[in-house]
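Visitor: Take a look at this one; I'll ask things after.
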Amino acid sequence: HRLQIKQARHLLALQQIDKALALVYAILESDGLPLDLQFETLLLQGWLDPVINEGYSRQRATLSTQVRDQQLLGEYWRSVARARTHRGNVAEAYESSLRALTYYESCKDYAGQTLALHTHAICCVHLEKLLEARTHLERAFQWAGPRQDIGAINLLHQIFGMVASRLGDHSAAIHSYHETLRAEHQVGRRIDRMMDMNLALEYALLGKYVDAHRHYESALKTIATESHMERQECYIRLNLGLLYHTIGKQQPALAETERALALARKLQNVYLEGYALTNLGHVHCALGSYSIAESAYQAALALREQHGETILALETKAGLARLTFSTDNLTLAQEWIGPILRHLESATLDGAEEPFRVYLTCYLILNVAGDSRATSLATQMQAELRRQAMLISDLTLRDSFLTNVPYHRAILSLAQFPVSLGEGYANLSLYSG
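Read in the numbering used here, the sequence shown has 238 at position 171, and its numbers run on one by one without any break.
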């Protein structure tokens with residue numbers, strides 16, 4: 068049985084999921100398995116089978132209180148963290164990944180520590196603890212690098228690229244993704260099936276929309292040949308829909324976003340559902356379907372506030388502000404941006420999907436209302452935009468970031484052509500879609 072478990076782990080490493088799963092179920096059907104072997108086999112079942120089996124989940128939980136193997140307990144809590152992350156229970160996943168790390172540290176399992184830190188960093192990203200995520204990843208690199216563990220290093224580069232991107236350091240993100248490609252070349256096979264997705268995100272953030280679209284389409288083709296990729300498909304379609312929305316193609320944006328929402332609900336992932344509902348609000352607002360847009364925004368806001376996603380909840384409120392402004396309700400629009408302005412008094416919008424769109428929404432509403440805070444907000448958002456641009460070492464990409472992204476271009480133009488009272492209504496409607 069120990070040999071069969073090793074064989075199943077080897078098949079998992081080779082991504083031969085169906086063969087590994089068949090072997091695992093054959094082991095589980097055996098009689099008289101010792102507790103530690105039963106526990107390890109159930110752990111493998113949890114990693115391999117995308118369909119949650121509540122019976123096996125309960126068995127794993129029960130055995131976790133009886134088994135004393137620190138390495139297996141670390142693996143158990145890492146699997147719990149992953150499952151909770153996939154279900155959108157990120158705060159609980161955060162605590163679970165810390166427990167996993169504690170167990171791995173107690174038995175000096177450096178490979179396990181690297182994986183636990185990777186899982187914990189993902190939780191930090193979801194909870195907008197980006198600097199903490201970066202710290203954990205840098206620590207993990209110190210362990211994985213000297214051991215030349217290409218698989219672990221590749222995983223770390225993937226999440227490090229995402230963290231760097233969310234912090235505005237696109238040069239570091241691009242470097243990480245190139246390192247992933249280099250690792251794939253070293254081992255002679257495709258490790259990361261989502262590399263096209265990562266590159267598409269970077270291109271979109273930099274305003275290189277044609278390149279981004281090409282990589283999104285390539286990513287969809289890649290996952291079409293794989294099984295159990297619904298979560299990845301959901302994420303790709305979410306972002307492809309947002310790209311279409313940004314460049315003014317609202318019908319394809321609607322189609323992609325609705326497909327993403329259906330997938331998020333099928334997966335019971337409230338984190339992705341919040342994104343899909345917010346983006347759906349953007350699209351319907353641009354199409355003039357204001358009542359549908361409001362319902363989508365309100366549903367997204369409820370999810371995001373319930374799960375403590377502070378910055379993302381503010382982004383949804385910015386959408387509601389644009390919506391109410393578009394229906395000539397300036398007073399309600401001002402109420403919606405109130406929490407955003409209070410947040411900006413002592414913090415930034417790090418972690419938002421489109422932070423400068425939020426800034427611009429607040430500025431235009433303040434300006435139309437004749438609020439003196441519009442001037443200081445314009446100065447603040449222009450300074451923040453230039454600060455982020457300076458993090459992009461490639462001058463061509465920096466210029467694209469400043470001039471091709473519509474919200475960035477509009478912010479820079481305010482220095483020369485401030486929006487007048489009468490122009491505010493027309494201009495704000497443009498930033499609804």
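Don't be surprised by glycine CBs; every beta carbon is placed ideally from N, CA and C.
Just so it is clear, the structure is predicted and the values come from calculations on it, not from any experiment.
#1: Mind reading off the beta-carbon distance from GLY235 to GLN455? Whole number of angstroms is fine, and I expect it under 8 Å.
#2: Let me make sure I understand the geometry here. Which of ASN265, GLU121, GLY179, LEU381 has the alpha-carbon closest to that of TRP144?
#3: With distance defined between alpha-carbon atoms, name the residue in LEU458, GLY218, ARG389, HIS295 nearest to THR181.
#4: Quick one: give me the first and last residue of the alpha helix (DSSP H) that LYS73 is part of.
#5: Say whether the segment 111-128 touches the segment 70-79, bearing in mind that this needs 3 or more beta-carbon pairs closer than 8 Å, one atom from each stretch.
#6: Does DSSP classify GLN83 as helix, strand or coil?
#7: Let's test the definition: count the other Cβ atoms within 10 Å of the Cβ of SER467 and tell me whether it reaches 16, buried, or not, exposed.
#8: What three-state label does DSSP hand ASP103 in the structure shown?
#9: Taking 8 Å as the threshold (C-beta atoms), are GLN317 and VAL277 in contact?
#10: Using the Cα positions of TYR474 and GLU340, report the straight-line distance between them to the nearest angstrom.
#11: Under the assumption that GLY375 contacts ALA360 (Cβ atoms under 8 Å), give the Cβ distance between them as a whole number of angstroms.
#12: Return the chain-ordered list of same chain residues with a C-beta closer than 6 Å to the C-beta of TYR170, the five sequence neighbours on each side being excluded.
#13: Can LEU368 and LYS384 be called in contact, C-beta distance under 8 Å?
#14: Any idea what DSSP makes of MET296, helix, strand or coil?
#15: Can you say whether MET457 is buried or exposed, counting buried as having 16 or more other CB atoms within 10 angstroms of its CB?
#16: Within the continuous alpha helix (DSSP H) that includes ASN265, where are the two ends?
#17: If I follow the unbroken alpha helix (DSSP H) through ALA450, where does it start and stop?
#18: Using a Cβ-Cβ cut-off of 6 Å (strictly less than) and excluding sequence neighbours within five positions of ARG465, which residues of its own chain qualify?
#19: Report yes or no: do the segment 276-296 and the segment 225-242 share at least 3 C-beta pairs separated by less than 8 Å?
#20: Between the C-alpha atoms of ARG298 and GLY437, what's the straight-line distance to the nearest angstrom?
#21: Is the CB-CB distance between GLN449 and ILE478 below 8 Å?
#22: What does the alpha-carbon distance come out to for the pair LEU334 and ILE432?
#23: Around the Cβ of LEU305, are there at least 16 other Cβ atoms within 10 angstroms (buried) or fewer (exposed)?
#24: Can the beta-carbon of LEU168 be found closer than 8 Å to that of ALA183?
#25: Please classify PRO213: is it buried, with 16 or more other beta-carbons within 10 angstroms of its beta-carbon, or exposed?
#26: For the segment 341-383, which segments carrying the alpha helix (DSSP H) assignment without a break, of at least 4 residues, lie completely within its bounds, in sequence order?
Guide: Based on what the coordinates show:
#1: Sequence index remark: in the sequence shown, residue 235 carries index 168 (1-based). Sequence index remark: in the sequence shown, residue 455 carries index 388 (1-based). About 4 Å separates the CB atoms of GLY235 and GLN455; that is less than 8 Å, so the two are in contact.
#2: The residue labelled residue 144 in the question sits at position 77 within the sequence shown. Cα-wise, what sits closest to TRP144 is GLY179.
#3: Along the sequence shown, read from residue 1 onward, the residue named residue 181 stands at position 114. The shortest Cα separation from THR181 among LEU458, GLY218, ARG389, HIS295 belongs to GLY218.
#4: Residue numbering aside, residue 73 sits at position 6 when the sequence shown is read from its first letter. Its alpha helix (DSSP H) spans residues 69-80.
#5: Short answer: they touch.
#6: What you label residue 83 is simply residue 16 of the sequence shown in a count that begins at 1. Coil, per DSSP.
#7: What you label residue 467 is simply residue 400 of the sequence shown in a count that begins at 1. By the 10 Å Cβ count, SER467 comes out buried.
#8: Residue numbering aside, residue 103 sits at position 36 when the sequence shown is read from its first letter. It is helical.
#9: Position 210 of the sequence shown, counted from the first residue, corresponds to residue 277. Position 250 of the sequence shown, counted from the first residue, corresponds to residue 317. Not closer than 8 Å, so no.
#10: For this step, residue 474 is matched to residue 407 along the sequence shown. For this step, residue 340 is matched to residue 273 along the sequence shown. Across the structure, TYR474 and GLU340 are spaced so that their CA atoms are roughly 25 Å apart.
#11: Stepping through the sequence shown from its first residue, residue 375 is reached at position 308. Stepping through the sequence shown from its first residue, residue 360 is reached at position 293. Contact between GLY375 and ALA360 is absent: CB atoms are separated by about 24 Å, not below the 8 Å threshold.
#12: As a first step, residue 170 is located in the sequence shown; it is residue number 103 there, counting from the start. Excluding residues within five positions, the ones whose Cβ falls inside 6 Å are GLN137, LEU140, GLY141.
#13: Looking up residue 368 in the sequence shown gives position 301. Looking up residue 384 in the sequence shown gives position 317. Contact: yes.
#14: Position 229 of the sequence shown holds residue 296. Correct three-state label for MET296: coil.
#15: Your numbering for residue 457 matches position 390 in the sequence shown. Counting Cβ neighbours within 10 Å, MET457 comes out exposed, since fewer than 16 surround it.
#16: Sequence index remark: in the sequence shown, residue 265 carries index 198 (1-based). 262-272 is the span of the alpha helix (DSSP H), which, as asked, contains ASN265.
#17: Here residue 450 refers to the residue found at position 383 of the sequence shown. In the DSSP annotation of this structure, the continuous segment of the alpha helix (DSSP H) that includes ALA450 starts and ends at 440-457.
#18: For this step, residue 465 is matched to residue 398 along the sequence shown. Counting only residues of its own chain and dropping the five nearest sequence neighbours on each side, ARG465 has a CB closer than 6 Å to the CB of ALA456, ILE459.
#19: Counting Cβ pairs under 8 Å, fewer than three are found: no touch.
#20: As a first step, residue 298 is located in the sequence shown; it is residue number 231 there, counting from the start. As a first step, residue 437 is located in the sequence shown; it is residue number 370 there, counting from the start. Counting only the Cα atoms, GLY437 lies some 45 Å from ARG298.
#21: Here residue 449 refers to the residue found at position 382 when the sequence shown is read from its first residue. Here residue 478 refers to the residue found at position 411 when the sequence shown is read from its first residue. Between GLN449 and ILE478, the CB-CB gap stays under 8 Å.
#22: Numbered from 1 along the sequence shown, position 267 holds the residue referred to as residue 334. Numbered from 1 along the sequence shown, position 365 holds the residue referred to as residue 432. For LEU334 and ILE432, the distance between alpha carbons rounds to 37 Å.
#23: Here residue 305 corresponds to residue number 238 of the sequence shown, with the count starting at 1. So LEU305 ends up on the buried side.
#24: To locate residue 168, count along the sequence shown from 1; it is residue 101. To locate residue 183, count along the sequence shown from 1; it is residue 116. Yes, they are a contact pair.
#25: Position 146 of the sequence shown holds residue 213. Looking at its Cβ environment, which holds fewer than 16 other Cβ atoms inside 10 Å, PRO213 is exposed.
#26: Qualifying alpha helix (DSSP H) stretches, in chain order: 357-373.
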